[in-house]
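Take a look at the structure below.
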Amino acid sequence: MPKYDVVIVGSGIAALTAAYKLSSKNNVIIFTKSMHTSSNSFLAQGGIAACIGHQDTWLSHFTDTITAGCNHNHEEAVEQMVKSGPIYLSNLIKDGMQFDVDKSNNLLLGKEGAHSTRRILHAGGDSTGRKLVLHLLDKVKRNVQIIENEMAIDLLMYNKRCIGVETKNKNGTVKQYLGSDIILATGGCGGLYSFTSNDDSITGDGLAMAFRAGAELTDLEFIQFHPTLLNCNGKGSGLISEAVRGEGAILVNESGKRIMKNVHPLEDLAPRDVVARALFHEIENGRNVFLDISMIKNFKSHFPTITAICQINGIDIEKGLIPVIPGAHFLMGGVKTDGRGRTSLNGLYAVGEVACTGVHGANRLASNSLLEGIVYGNLVADDILSNNSPNDYMNEISFKTNNQKSQLIDLPTKRQIQQLMMDHVGIVRDKKSLRYAVDWLESYKKKYDGFSLTTTLTIEQLIMVNMITVGWLITTSALMRTESRGGHFRADFPNDDNLNWYKREIVRTNQTNDVLTGI
Ligand code: SIN
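Quick note, the sequence shown lines up with residues -14 to 504 if you use the working numbering.
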């Protein structure tokens, strides 16, 4: 069995940041189920939030993060992120990463929703994620092996320690790789919804794997819907960055009426959950919604990625109106970690969107996700570098591969799961719709519960099993939380309930009963 110091699953910013730092002293391998550029990081348009402007302070960034997160955030984690972010970013810049600057070489800072000042660093206008991923790929290319089109299907456990991953490639070959430390960096679960800004490959695989292995997961009911995906004949298709509203664009309905006026003091730059719900109601009432961009000069040069998305989809931006619709964007919850990215399983770290570090609370502040990926990518690497993880068991281990063919033939299609989640576990939820979704998901889940079958499934079947598992976890958590907060809105409990739910988390594992904790 191949042995490594560190095995990383996923290839976004958090994965590459950790890999880069670790690779000087460690033998690191990265697996990705698709191409190494198939990540949400690569698609990220907005940028990276950091308190580096002259007027800005860490306290202001901290306060904006907590306010957007509806006070559900872990405050120490937020403080750590906003204070250390500018240091890691300045290291990136010293290392050659080029963010957009003005003629005098000062960093250009953008504005996005719920930020009280301009603090978003960007690169290539709206290609920040792509530029950052390519920068990091260039750094790791000599020392880190990246295996594409090989999906991690399960975590390997030995004596209660995570010691590796089992993978499957498109030909159905199953392999095992051992690592002294394992890092999950598989992103979130936007692909569970029919409208999403996420890469097609993001189907909650890391969350399902961690759950099967016995890790704690938390805050899964908090899903952020981005208000403005491009509306292409009633379907969400590509992101229209919030940075566009940061430059002055406004949301209007088909009669030209401003949607966010009088809804929130920050109007079009209100927190995302507020804007997404306002758009949801407009659309429910049969009215189309548009982003009026007519006031933005040099739109094409400022937003080249969005211009290209519009062109590909036949939208003429010269007319000044882009049709938009909300869609699933970001999971605030995930595999529960401490301040160094350690999960509840020895040997297993989680970083980026698959992790719940507590920084985002119930609703992530715009452009805090790339920041989190960079900060925690570094923290995870530091923790691994400072530990001497045991690896003496590696020589005595062997795993049997179950090569039986799958008995599981009756699974729903990806589209059916996405439609269920969008219609019943979406922007506005209630007991009846959640109950319907739980029953539907359980009718499939009971067919595979209790079996250890991942190696016997095709990759396509396994993705459905993962989507059902994560969909069920999200839906049952949403049913439990009888209040509304951030990315979790219940029409039957439309207000927050601080008496019963303030700073309380729903923690899920496959071993014990679900636990409700105070943070
Ligand atoms: C956006 O560009 O609107 C998305 C940025 C983010 O989600 O942080």
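Every residue, glycine too, gets a C-beta built ideally from N, C-alpha and C.
As the structure is a computational prediction, the values presented were derived from the model and not from experiment.
Comparing alpha carbon positions, the residue from Met20, Asn331, Ile33, Leu141 closest to Leu92 is Ile33.
Per DSSP, the unbroken beta strand (DSSP E) holding Phe315 starts and ends at 306 to 316.
Assigned with DSSP and collapsed to three states, Ile168 falls in strand. Look at Thr440 here: in three-state DSSP terms it is helix. Within the model, the alpha-carbon separation for Arg325 versus Met136 is close to 26 Å. Separation of the CB atoms of Ala463 and Arg414 is rounded to 6 Å, and the pair is thereby assigned contact status at 8 Å. In this structure, the C-beta of Gly31 approaches the ligand SIN to less than 6 Å from one of its heavy atoms. Taking 7 Å as the cut-off, the Cβ atoms of Phe315 and Asp111 do not count as close. The three-state secondary structure of Glu490, taken from DSSP, is strand.
In this structure, the C-beta of Ala351 approaches the ligand SIN to less than 6 Å from one of its heavy atoms. The shortest C-alpha to C-alpha distance from Cys341 to any of Val86, Leu169, Tyr433, Gln83 is the one to Leu169.
Taking 6 Å as the cut-off, the C-beta of Glu227 counts as close to a heavy atom of the ligand SIN.
With fewer than 16 other beta carbons inside 10 angstroms of its own, Lys431 counts as exposed. Short of 6 Å from the beta carbon of Val118, and not among the five residues preceding or following it, lie these beta carbons of its own chain, in chain order: Ser26, Phe27.
The distance from the Cβ of Ile225 to that of Leu214 is about 7 Å, consistent with a contact at the 8 Å cut-off. When DSSP states are grouped into helix, strand and coil, Ser279 belongs to the coil group. Here Asn134 is near Lys155, since their CB atoms are less than 7 Å apart. In the three-state DSSP reduction, Pro(-13) falls in the coil class, being neither helix nor strand.
Within the same chain, Lys116 come within 6 Å of Gly109 by CB-CB distance, once the 5 residues on both sides are set aside. Looking at Leu205, Asp190, Gly191, Ser222, the one whose alpha-carbon comes closest to that of Ser182 is Ser222.
In terms of Cβ geometry, Met317 and Gly472 form a close pair [threshold 7 Å].
The Cβ-Cβ distance between Asn218 and Val309 does not fall below 7 Å. Ile132 is not a Cβ neighbour of Cys147, given a cutoff of 7 Å. Rounded to the nearest whole angstrom, the CA to CA distance from Ser469 to Arg475 is 5 Å. The Cβ atoms of Val150 and Ala4 lie no closer than 7 Å to each other. Here the C-alpha atom of Leu141 lies approximately 10 Å from the C-alpha atom of Gly164. A check of alpha carbon separations from Val260 across Leu192, Met280, Leu350, Asn331 identifies Leu350 as the nearest.
Here Gly221 is bridged, per DSSP, to Asn216. For Ser24, the Cβ stays outside the 6 Å cut-off from all heavy atoms of the ligand SIN. For Ile268, there is no enclosing beta strand (DSSP E); the enclosing alpha helix (DSSP H) has its first and last residue at 257 to 269.
Take the alpha-carbon of Cys174 and the one of Asn76: they are about 30 Å apart. Beta-bridge annotation (DSSP): His211 is paired with Gly312. As DSSP reads the structure, Leu163 sits in a beta bridge with Lys(-12), Gly149.
Per DSSP, reduced to three states, the secondary structure at Ile131 is strand. The Cβ atoms of Leu205 and Ile459 lie closer than 7 Å to each other. Sequence-distant Cβ neighbours of Gln40 in its own chain, meaning closer than 7 Å and more than five residues away, are Thr102.
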